[in-house]
Amino acid sequence: MSNKEIKNSQTDIEAVASDELSDRRAFFKKAALSVGALAGTSLLANEHASSGEDDPFIMHHVKWGQKLGDPVTKNRYGMPSKYEHNVTRRNTKLLASGNFQASIAVTPIHESMGIITPNGLFFSRSHGGVAHVDPNEYRLMIHGLVEKPLVLTLEQLKKYPSVTRTHFIECPANGGQEWRGPQFNSLQFAKGFMSCAEWTGVYLKDILKDLGVKPEAKWILAEGSDNSEMGRTIPMDKVMDDAMIVWGQNGEALRPEQGYPVRILLPGWEGNLCVKWLKRIKLSNEPFFAKEETSKYTALKPSGKAIQHFYANEVNSTVTSPSPEIPWKDVKVGDLIEIEGLAWSGMGTITGVDISFDGGKNYVEANLKGLVLPKCWTRWSYIYKYEGKKIILASRAMDDAGYIQPTVDQETLITGIEAVYHRNGIETWEVAPDGTVSHMQMRSTLKRDETGKVVIDKEAK
Amino acid sequence: MFKVNKLIISASIAASAAFFMTACNSEASASGASHSGATAASTAYANGKAVIDGGVVYPVVNGKTSDYVVDTQAESMTFNYGRTPTANELAAWDTDVTHIKLPPEGSGSVEEGEELYEAQCVMCHGDFGSGGGGYPSLSKGNAVELQKTLTNQRFDPDADGPSRFFGSYWPQASTMWWYIHDGMPHPMSKSLSVDETYALTAYMLNINEMVVDGVEVDDDYVLDQEKFSKIVMPNVDGFEPEIRGKDGIENVRAYYQDASNFGGQKVNPSERCMKDCLEPTAKPTYIAGTGISDFLPPMSTVRDLPKEEGGFDVKAAYESACAMCHSAFLAPGSSDWDSYTGEGMDVVYKKGLAGTEGGMPAKGGASFTDAEFKTIVDYLVSGK
Numbered sequence: 006m007s008n009k010e011i012k013n014s015q016t017d018i019e020a021v022a023s024d025e026l027s028d029r030r031a032f033f034k035k036a037a038l039s040v041g042a043l044a045g046t047s048l049l050a051n052e053h054a055s056s057g058e059d060d061p062f063i064m065h066h067v068k069w070g071q072k073l074g075d076p077v078t079k080n081r082y083g084m085p086s087k088y089e090h091n092v093t094r095r096n097t098k099l100l101a102s103g104n105f106q107a108s109i110a111v112t113p114i115h116e117s118m119g120i121i122t123p124n125g126l127f128f129s130r131s132h133g134g135v136a137h138v139d140p141n142e143y144r145l146m147i148h149g150l151v152e153k154p155l156v157l158t159l160e161q162l163k164k165y166p167s168v169t170r171t172h173f174i175e176c177p178a179n180g181g182q183e184w185r186g187p188q189f190n191s192l193q194f195a196k197g198f199m200s201c202a203e204w205t206g207v208y209l210k211d212i213l214k215d216l217g218v219k220p221e222a223k224w225i226l227a228e229g230s231d232n233s234e235m236g237r238t239i240p241m242d243k244v245m246d247d248a249m250i251v252w253g254q255n256g257e258a259l260r261p262e263q264g265y266p267v268r269i270l271l272p273g274w275e276g277n278l279c280v281k282w283l284k285r286i287k288l289s290n291e292p293f294f295a296k297e298e299t300s301k302y303t304a305l306k307p308s309g310k311a312i313q314h315f316y317a318n319e320v321n322s323t324v325t326s327p328s329p330e331i332p333w334k335d336v337k338v339g340d341l342i343e344i345e346g347l348a349w350s351g352m353g354t355i356t357g358v359d360i361s362f363d364g365g366k367n368y369v370e371a372n373l374k375g376l377v378l379p380k381c382w383t384r385w386s387y388i389y390k391y392e393g394k395k396i397i398l399a400s401r402a403m404d405d406a407g408y409i410q411p412t413v414d415q416e417t418l419i420t421g422i423e424a425v426y427h428r429n430g431i432e433t434w435e436v437a438p439d440g441t442v443s444h445m446q447m448r449s450t451l452k453r454d455e456t457g458k459v460v461i462d463k464e465a466k
Numbered sequence: 072m073f074k075v076n077k078l079i080i081s082a083s084i085a086a087s088a089a090f091f092m093t094a095c096n097s098e099a100s101a102s103g104a105s106h107s108g109a110t111a112a113s114t115a116y117a118n119g120k121a122v123i124d125g126g127v128v129y130p131v132v133n134g135k136t137s138d139y140v141v142d143t144q145a146e147s148m149t150f151n152y153g154r155t156p157t158a159n160e161l162a163a164w165d166t167d168v169t170h171i172k173l174p175p176e177g178s179g180s181v182e183e184g185e186e187l188y189e190a191q192c193v194m195c196h197g198d199f200g201s202g203g204g205g206y207p208s209l210s211k212g213n214a215v216e217l218q219k220t221l222t223n224q225r226f227d228p229d230a231d232g233p234s235r236f237f238g239s240y241w242p243q244a245s246t247m248w249w250y251i252h253d254g255m256p257h258p259m260s261k262s263l264s265v266d267e268t269y270a271l272t273a274y275m276l277n278i279n280e281m282v283v284d285g286v287e288v289d290d291d292y293v294l295d296q297e298k299f300s301k302i303v304m305p306n307v308d309g310f311e312p313e314i315r316g317k318d319g320i321e322n323v324r325a326y327y328q329d330a331s332n333f334g335g336q337k338v339n340p341s342e343r344c345m346k347d348c349l350e351p352t353a354k355p356t357y358i359a360g361t362g363i364s365d366f367l368p369p370m371s372t373v374r375d376l377p378k379e380e381g382g383f384d385v386k387a388a389y390e391s392a393c394a395m396c397h398s399a400f401l402a403p404g405s406s407d408w409d410s411y412t413g414e415g416m417d418v419v420y421k422k423g424l425a426g427t428e429g430g431m432p433a434k435g436g437a438s439f440t441d442a443e444f445k446t447i448v449d450y451l452v453s454g455k
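Here the protein sequences come in this chain order: A and B. Using my numbering, you'd call the opening residue of the first sequence number 6 and step up by one each time. Using my numbering, you'd call the opening residue of the second sequence number 72 and step up by one each time.
Below you can see the structure in the form of structure tokens.
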């Protein structure tokens, strides 16, 4: 975004202005541009152009251009520019269950580019802290309803011919704090319980080929070796389709936060099912009722019954630019601005995204761009002509399984507002005439009718 | 395509595996990925069974699945890496406890459970499982009564929400036994014996005012394997779809074929609403008050140089590793150290570094250096 670059150049100016280089200070003085004046202008380069003055960063040698840079021996494992330090995972106390071990840190998707999340920004969720596994002591055991149970070391596991696939992982509580209304004026917290990466590993079905799976095997337990022994039941259907045992993430080993050295990946399904620090797979004729598939990760409906084994994250989308964090700035009526977003579906491939400027009343088609892959983040775009008036942006995605995102009302009329998980109702940003972005929702007031059914309260003001 | 007859796989599963993995069937979705080169999606497996999550699959056709090229040579082979685990190894890791797999033999009383709870659990889960400091509550009273709250919906913001606790919500007691034994206590998991786990499970039944096999779990109750097998949780049938029994998988498949079960919206893309799509009663709803904004680190998108790192941040370390108990009146806080410091700070350090039977895990269960840990102790004892 050009806005961002403008902002960058502004902060660079401020950084430089406070630099020890006195000749630069002198230059500023000469140019009659005090730091205060700089802070008050945001379109410095343009203003120079329009006022006929020369841009100091063109006219003067930049400081990094006149001294030696770092040797290649520095930062053997490369790090982002120091100026990018605000692009980071974040957490909030509300989402910590008492401590920051059984907790989540979410991805800054307002700063995300393309469809890959860098490993250091991939959202991090654990139930007993991030385990640090010694790969030399790592063992994977597969047993239960197989003719030949198996133990693999990490080296043995990685001998299987590798498969590489790009998939998102989403916590099913993404957006789950906002069933009863918006709470976060932040894209990072409203939708950042997800990330997308290129994963390398082996299909679990290809390991099972060696083991003689017994016909009565219907389910597996995937269990982690971490403090909480996080485990979940997975149906054999998924195992025999696309479940992977992965050790690679964006071309390097999994990060500890992602289960180093090995996790199970169930493309499109709840992040919680993609068990990290994987130690054991057990095949069974019955499900296991592990803690995280009973006490949590079940979606309570108005009937008082809860959906269990709610696997796939349904079709979903969000506008990523503008966002509450990075609003439109310095825009003039008639300017062309790219509205950009992400769409994803755990049930299949994104087939289209529509965009609305009136909160979801009327839609036009947006454009998909880049790679369009199954169970993967998909980028979409719409070039908007800025009109200088308030708009309410909403995006609505469809997938090849035949699903379209519900309105907030359509979703809550069925699942109520206590489900916690799997919220994929249409998300809305209100963009004020000055470009400021506020998270809000378009929704009706609900009530129970005399039969107990959830209905729209027509009398509500 | 791999050849099924190359597998060392028992006969009947081979048949079903072949179904899963053979070519695309004729029901391939017309709305599948339409860009050239990609194989189409299918709403059913090749055996005709509906896809279990209600979504689609991408069968391998002409060596491709969706846009990915498949290594068909590798797919056609078996590798047989690794080794068979020993009987002892299998027994050591086969620790799950389920509705069909009882805990090992043993027993424990409510009384013993309460004692363990007070020593090792109360600092997080609160008195009688009442919760606190963000940790899960384990009980809010009578399980059968609280189960009735599961239909609560907070359409009125002041209304009570549903009570989702062990007694009122969880479908199986096996989950509790298994989790206590393998995942608790949180800072030092896998440290409780079988009998201790029975005792704590008995205490959980007691504080949830449960009845097992017609007998009230009172303060004198002793739980053992036989009695454990008779526990029926009040909310055992409170979940859908039904996953137990021989039809479990079929039930799940059927459930996700009906979008109305889980709030999905199906649409023919050409018929989707483009004009006047919103419920006429829907109105803009904004964040109440200031919403939630206590983000760490604070939200910023500025590009500047980070502030100088100031070495070890004792306050942050305390907040992350100690405050959960020491700031919650569940362990000595800053005002009640006199009875602990009488023997000198070296004794306090030593106990903190090694952990105590009173519930303090070694170094608080965190991975500080000894020097860092002592700094935190000073910070706490000196009144922060």
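For every residue, glycine included, the Cβ atom is placed at its ideal position computed from N, Cα and C.
- Chain-ordered, the chain A residues with CB closer than 9 Å to the CB of F150(B) read K164, Y165, P166, D211, I212, K214 and D215.
- Here Y408(A) carries a strand assignment [DSSP, helix/strand/coil].
- The way I'd put it, the segment 208-218 of chain A doesn't touch the segment 451-466 of chain A; fewer than three beta-carbon pairs between them come closer than 8 Å.
- The distance from the Cβ of G232(B) to that of Q188(A) is about 15 Å, inconsistent with a contact at the 8 Å cut-off.
- When beta bridges are read from the DSSP output, R428(A) appears opposite no residue.
- The three-state secondary structure of V452(B), taken from DSSP, is helix.
- Membership of A202(A) in the beta strand (DSSP E) is indicated by the continuous run M199 to Y208.
- Contact between V207(A) and I250(A) holds: their C-beta atoms lie close to 6 Å from each other, under 8 Å.
- Shown here, M447(A) sits in a strand according to DSSP, grouped into three states.
- Residue S113(B) holds the alpha-carbon nearest to the alpha-carbon of G126(B) among S113(B), V307(B), A230(B) and V288(B).
- Taking C-beta atoms as the reference points, L276(B) and L263(B) fail to come closer than 9 Å.
- Across the structure, D289(B) and E280(B) are spaced so that their CA atoms are roughly 8 Å apart.
- Within chain A, G186, P187, M445, Q446, M447 and R448 have C-beta atoms less than 8 Å from the C-beta of T356(B), given in sequence order.
- Chain order gives the chain A residues near P242(B) as F294 and T299, where near means a beta carbon separation below 7 Å.
- At least 9 Å separates the CB of Y420(B) from every CB of chain A.
- Under DSSP, W274(A) forms a beta bridge with A317(A).
- Taking CB atoms only, T420(A) has a neighbour in chain B less than 9 Å away.
- Residues are counted here when their Cβ sits less than 7 Å from a Cβ of chain B; for the segment 127-149 of chain A these are G133, M146 and H148, given in chain order.
- DSSP, read as helix, strand or coil, puts I388(A) in strand.
- For K98(A), the closest alpha carbon among the candidates E443(B), S410(B), A121(B) and G204(B) is that of G204(B).
- Contact of A115(B) with chain A is not assigned, every C-beta pair being separated by 9 Å or more.
- Between K306(A) and G421(A), the alpha-carbon positions lie close to 6 Å from each other.
- It is roughly 36 Å from the alpha-carbon of K310(A) to the alpha-carbon of A162(B).
- Inter-segment contact for the segment 165-181 of chain A and the segment 193-201 of chain A is present: three or more beta-carbon pairs are separated by less than 8 Å.
- Residues of the segment 283-299 of chain B with a Cβ closer than 7 Å to any Cβ of chain A: none.
- In the three-state reduction of the DSSP assignment, W282(A) falls in the coil class, being assigned neither a helical nor a strand state.
- For L349(B), there are no CB contacts under 8 Å within the same chain when 5 residues up- and downstream are skipped.
- Nearest C-alpha to G364(A) among P355(B), G200(B) and V452(B): P355(B).
- Chain A has no Cβ within less than 9 Å of the Cβ of E443(B).
- Within a 10 Å sphere around the beta-carbon of H444(A) sit 16 or more other beta-carbons, which makes this residue buried.
- Taking a cut-off of 8 Å on C-beta distances, the segment 376-389 of chain B does not touch the segment 411-426 of chain B, as fewer than three cross pairs fall below it.
- Residue ranges of uninterrupted beta strand (DSSP E) with 3 or more members, entirely inside the segment 341-378 of chain A and ordered along the chain, are 341-349, 355-361 and 372-374.
- For the pair of segments examined, the segment 148-162 of chain B was found to touch the segment 146-161 of chain A: the number of CB pairs separated by less than 8 Å reaches three.
- Among the CB atoms of chain B, none fall inside 9 Å of the CB of L347(A).
- By the Cβ rule, the segment 244-251 of chain B counts as touching the segment 163-171 of chain B, because three or more pairs are nearer than 8 Å.
- In its chain, beyond the 5 residues on either side, W241, P242, Q243 and A244 have a beta carbon closer than 7 Å to the beta carbon of M304(B).
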